[in-house]
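Let me begin by presenting the structure, written as structure tokens, before commenting on it.
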Amino acid sequence: MASQKTLMITGASKGFGLEITKAALAAGDKVIATVRSGAAELVTALGHPDTLAVVTMDVTNEAQVKAAVAEALGKFGQIDVLINNAGYGLLAGVEEASDVEVRKQYDTNVFGLLNVTRAVLPAMRQRRSGHIINISSLFGYDAIIGWGIYGSTKFAVEGISKGLAQEVAPLGIHVTALAPGLFSTDFLGKASYQESANKIADYDETVGQVRHVPEQFHGQQPGDPVKLAQVVIQIAHTAQPPLHLPVGTDAVEMLKNNAAKMLEESARWQEVSFSTDHRK
Numbered sequence: 009m010a011s012q013k014t015l016m017i018t019g020a021s022k023g024f025g026l027e028i029t030k031a032a033l034a035a036g037d038k039v040i041a042t043v044r045s046g047a048a049e050l051v052t053a054l055g056h057p058d059t060l061a062v063v064t065m066d067v068t069n070e071a072q073v074k075a076a077v078a079e080a081l082g083k084f085g086q087i088d089v090l091i092n093n094a095g096y097g098l099l100a101g102v103e104e105a106s107d108v109e110v111r112k113q114y115d116t117n118v119f120g121l122l123n124v125t126r127a128v129l130p131a132m133r134q135r136r137s138g139h140i141i142n143i144s145s146l147f148g149y150d151a152i153i154g155w156g157i158y159g160s161t162k163f164a165v166e167g168i169s170k171g172l173a174q175e176v177a178p179l180g181i182h183v184t185a186l187a188p189g190l191f192s193t194d195f196l197g198k199a200s201y202q203e204s205a206n207k208i209a210d211y212d213e214t215v216g217q218v219r220h221v222p223e224q225f226h227g228q229q230p231g232d233p234v235k236l237a238q239v240v241i242q243i244a245h246t247a248q249p250p251l252h253l254p255v256g257t258d259a260v261e262m263l264k265n266n267a268a269k270m271l272e273e274s275a276r277w278q279e280v281s282f283s284t285d286h287r288k
């Protein structure tokens, strides 16, 4: 890379987070990798003692997040790029998901992302430089049966990213919402996503038909996570990065198809929509 950067990557123990960490280290960047557990094991596995710091951090624990960011700044002096990657999926019908399950999903995927972002931004604002990359999803472009709650957290990530980008642009800080399609990580593995404890028979023909798809599809996803990691590093070193970036053919198609559906429906109901304006 043309210049070395310091990246902070959440959820770095597996999946995208681990691949992005490996790619950044290979590119000559410094990395603060955060994990909920197993920090020593990851240090041993990755090496790079001079350019890697592995920090134990649960994104849902705001005090722990602040301490981890302070530790990272103490070691490397700055954070050029924050990659908000930590998250997990919840497979459930909207009615089936309990309040506890939904709040836990949002605590990690949305409020956890905000905890880390708030902790990192003061140093970026002081330097008038930085880049926040929020890992969204193709499920943040359109709703999928059984993944409505999870998708809603990614819709939130898209909206937060868009609003934040406008607020921090005058301060020299960029924001990217990077939305992967389906990649051959362990996201669809039984140990990585959760299912609601409640199952409602009336949804057997909809949500019920989706319950076995992750197990059947796991390992057959079209995307290569190693290639995605290279895209993230490329974006991290781009002077004018995109605000929204679907990654993978399926993510691009999801975005296009949903936009077309929404525009078509809006056009059919345009007369009704316009009828509510005050007449001049």
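Our numbering numbers the first residue of the sequence shown as 9 and each following residue consecutively. Each residue gets a CB set at the ideal place from its N, CA and C atoms; glycine is no exception.
- Judged by their CB atoms, leucine 253 and alanine 187 are nearer to each other than the 9 Å cut-off.
- In the DSSP assignment, histidine 182 is bridged to His139.
- Collapsing the DSSP output to three states places valine 165 in a helix.
- For the set Ile87, Ala151, Lys288, the Cα lying nearest the Cα of valine 102 is the one of Ala151.
- Taken through DSSP and simplified to helix, strand or coil, glutamine 248 comes out as coil.
- For proline 254, the pairing in a beta bridge is given by DSSP as Ala187.
- Closest in alpha carbon position to valine 165, among Asp115, Ser274, Arg135, is Asp115.
- About 6 Å separates the Cβ atoms of alanine 31 and glutamine 238, confirming a contact at the 8 Å cut-off.
- Each residue's CA atom was taken as its position, placing leucine 81 and isoleucine 87 some 7 Å apart.
- Only residues of its own chain outside the window of five on either side were considered, and among them Ala127, Val128 have a CB closer than 7 Å to the CB of valine 77, listed in chain order.
- Under the DSSP assignment, lysine 83 falls in the alpha helix (DSSP H) whose first and last residues are 70-84.
- Alanine 20 places its beta carbon less than 9 Å from that of asparagine 93.
- The residues Lys162, Ala187, in chain order, have a CB closer than 6 Å to that of serine 145 in the same chain once the five nearest residues on each side in sequence are set aside.
- If only complete runs of 4 or more residues are kept, the segment 12-49 shows the alpha helix (DSSP H) at 23-34, in order along the chain.
- With the rule of 3 Cβ pairs closer than 8 Å, the segment 245-259 counts as touching the segment 132-147.
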